[in-house]
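Peer 1: Shown below is the structure under consideration.
Number of protein chains: 2
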Amino acid sequence: MGIVMNIGQAADASGVSAKMIRHYESIGLVPQADRRDSGYRDYDPEDVHRLSFVRRARDLGFPLERIRVLLGLWGDPTRSSAEVKALALTHIEELEEKARHLQEMADVLRGLADACDGDGRPHCPIIEGLEAGSVPASSPSGERPISRSSSTSLPSRRSPSPGRR
Amino acid sequence: MGIVMNIGQAADASGVSAKMIRHYESIGLVPQADRRDSGYRDYDPEDVHRLSFVRRARDLGFPLERIRVLLGLWGDPTRSSAEVKALALTHIEELEEKARHLQEMADVLRGLADACDGDGRPHCPIIEGLEAGSVPASSPSGERPISRSSSTSLPSRRSPSPGRR
DNA sequence: GGTTGACCTTCCCATGATGGGAAGGCGCAC
DNA sequence: GTGCGCCTTCCCATCATGGGAAGGTCAACC
Chain A
1 MGIVMNIGQA ADASGVSAKM IRHYESIGLV PQADRRDSGY RDYDPEDVHR
51 LSFVRRARDL GFPLERIRVL LGLWGDPTRS SAEVKALALT HIEELEEKAR
101 HLQEMADVLR GLADACDGDG RPHCPIIEGL EAGSVPASSP SGERPISRSS
151 STSLPSRRSP SPGRR
Chain U
166 MGIVMNIGQA ADASGVSAKM IRHYESIGLV PQADRRDSGY RDYDPEDVHR
216 LSFVRRARDL GFPLERIRVL LGLWGDPTRS SAEVKALALT HIEELEEKAR
266 HLQEMADVLR GLADACDGDG RPHCPIIEGL EAGSVPASSP SGERPISRSS
316 STSLPSRRSP SPGRR
C-alpha cells in the first residue's frame with residue numbers, strides 16, 4: 001500500500017499526458033499498468049519514474065522506437081555504456097542533419113528575401129526564385145535524388161513522338 | 166494541340182510524384198486537370214510550371230497551406246512584393262526556430278555523451294541524465310509549459326490524504 | 001443518502017505530407 | 001491481339017499527439 005496514483009496524477013508527476021500514457025501502454029513501450037477493481041489504472045513511483053524517463057528522452061527528440069531500446073538498456077545491469085553512447089551519437093547525427101537541412105532552407109530563402117524590395121509593387125525575386133530557381137537542397141534523410149534540368153521544358157519519359165492523343 | 170502529358174510525364178517534368186499531384190488536386194491546391202475520354206489526366210506546360218513551383222516551395226519547407234497562398238500571390242498581378250516577403254520572413258523564422266530547437270537537443274545530448282566513457286561497463290551519464298536530468302528545452306512551437314519539480318516525488322494534484330484505495 | 005463535478009474508461013477521428021499496394025481499365029508497340 | 005506499362009480510384013500506414021463522445025467511478029459536500 002505504497003503511494004498509488006491514478007493516470008491523471010501519474011501524468012502530472014511525469015509530464016506525460018494521460019492520453020500518451022495509455023498510448024505508450026498500448027504499443028508496449030511501457031508495461032501494462034495495474035488496475036483497480038473499477039478498471040482505473042494504478043501507478044506507483046517506479047512507473048512514474050519510467051514515464052519521466054520516456055518524457056525526457058522525447059524532449060531530446062528520441063523517437064519512440066529508440067526509446068524502447070533505451071528503456072531496455074536502462075533496465076539492463078549488464079549493459080555497456082558503449083551501447084548507450086552509440087545510440088546517442090547516432091541520434092545526435094540525425095538531429096544535426098535535420099537542423100542543417102532546416103537552416104539551409106532558411107538561408108536559401110533569406111537570400112531571396114534579401115533581394116526583394118518588399119514594397120507595393122508586384123515584382124518579387126522570391127516568387128521568381130520559386131518559379132525558376134533550382135533549390136539545390138542537400139539530401140538530409142529523404143530527398144528527391146532526381147536531378148532534373150530546368151523543368152517545364154523537355155519531358156523526360158515516354159514521348160518519342162509528341163502530340164499523342 | 167500543344168504539348169500534352171499524362172500524369173507520369175508531368176510528374177517527371179515537375180519533380181512532384183504522380184501520387185502527390187493527385188493529392189494536391191484532391192485538396193484543391195492545384196486546379197483539377199483536364200481529362201481525356203479514357204479518364205486519364207492531361208497536363209500542359211502551364212500545369213507543369215505550377216507543379217514545379219509547388220515542388221520548389223516544398224523544397225524550401227513551405228507547408229501546403231502556405232503554398233496555397235503563394236500560388237495565389239503568384240497568379241495575382243496586383244500583388245505587392247511586401248506580402249510575399251512577409252510570408253517568406255515568417256517562414257524563415259519558423260525554419261530557424263525549428264533548427265535551433267533541434268540543435269539545442271543535439272547539444273544537450275552531446276554534453277551527456279561527452280561525459281560517457283563508452284566502454285564495456287554499465288555506468289552511463291547518458292542514462293543518468295535521462296533518469297534525472299531536467300532537459301530545459303526552450304519551447305519552439307509546441308512545448309510543455311508545465312514546470313514540474315523533480316518528478317517521482319510529490320504528486321501535485323488531487324491527493325490531500327495519501328493512501329487512497 | 002443523494003447529488004455533483006472531476007475524474008476515469010474505451011473508441012474513433014484528425015493532424016501533415018508522403019508512400020505502398022490492390023483491383024481493374026487504358027494505350028500502344030510488336 | 002497480346003502483353004506490358006501506364007492510368008484510375010480507394011484504402012491503409014507512417015509518427016506523435018490531441019480532441020471529443022459516450023458512459024462508468026470516486027470523493028466530497030449537503
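Line by line, the protein sequences are chains A and U.
Going by my numbering, the first residue of the first sequence is number 1, and it counts up by one from there.
Going by my numbering, the first residue of the second sequence is number 166, and it counts up by one from there.
Ideal Cβ positions, reconstructed from N, Cα and C, are used throughout, including at glycine.
From a predicted model like this one, the values you see are computed outputs, not experimental measurements.
1) Are the beta-carbon atoms belonging to A/A115 and A/P122 less than 7 Å from one another?
2) So what does U/M170 bridge to, in DSSP terms?
3) Quick check: U/L148 and A/I92, are their CB atoms within less than 7 Å of each other?
4) Could you tell me which chain U residues have their CB closer than 9 Å to the CB of A/G61, listed as they occur along the chain?
5) Would you tell me roughly how many angstroms separate the C-alpha atoms of A/Y40 and A/D59, rounded to the nearest one?
6) Using only the alpha-carbon positions, how far apart do U/D282 and A/A106 sit?
7) Quick check: the Cα distance between A/A208 and U/A253, rounded to an integer number of angstroms?
8) Alpha carbon to alpha carbon, how far is A/L112 from A/S80?
9) State the beta-bridge partners of A/D59 as determined by DSSP.
10) Looking only at C-alpha atoms, which of A/R22, A/A33, A/V48 sits nearest to U/E296?
11) Please list the partners that U/P196 has in chain A, where partner means a Cβ-to-Cβ separation under 8 Å.
12) So that I know if they touch, is there some Cβ in chain U lying closer than 7 Å to that of A/D117?
13) Less than 7 Å between the beta carbons of U/T231 and U/S179, yes or no?
14) Rank U/L235, U/W239, U/D284 by C-alpha distance to the C-alpha of A/A82 and give the top, closest one.
15) Only counting runs of 4 or more residues, tell me where the alpha helix (DSSP H) segments fall wholly within the segment 105 to 133 of chain A, in order along the chain.
16) Can you say whether A/Q9 is buried or exposed, counting buried as having 16 or more other CB atoms within 10 angstroms of its CB?
17) Could you list which residues in chain A have their beta carbon closer than 9 Å to that of U/E296, in chain order?
18) Along chain U, which residues have their Cβ under 9 Å away from the Cβ of A/T78?
Peer 2: Working from what's here:
1) no
2) U/Y208
3) Lying outside 166 to 330, the shown extent of chain U, residue 148 of chain U is not represented and no answer is given.
4) H266, L267, M270, A271, L274
5) 28 Å
6) 36 Å
7) Examination of residue 208 of chain A is not possible in this model, given that chain A is present from 1 through 165 alone.
8) 49 Å
9) Beta-bridge pairing links A/D59 to no other residue.
10) A/V48
11) Those within 8 Å of U/P196 in chain A number zero; the least Cβ separation is about 17 Å.
12) yes
13) Residue 231 of chain U is actually Arg in this sequence, not Thr. Result no, Cβ atoms of U/R231 and U/S179 do not sit closer than 7 Å.
14) U/D284
15) 125 to 132
16) buried
17) H49, S52, F53, R56, W74
18) P287
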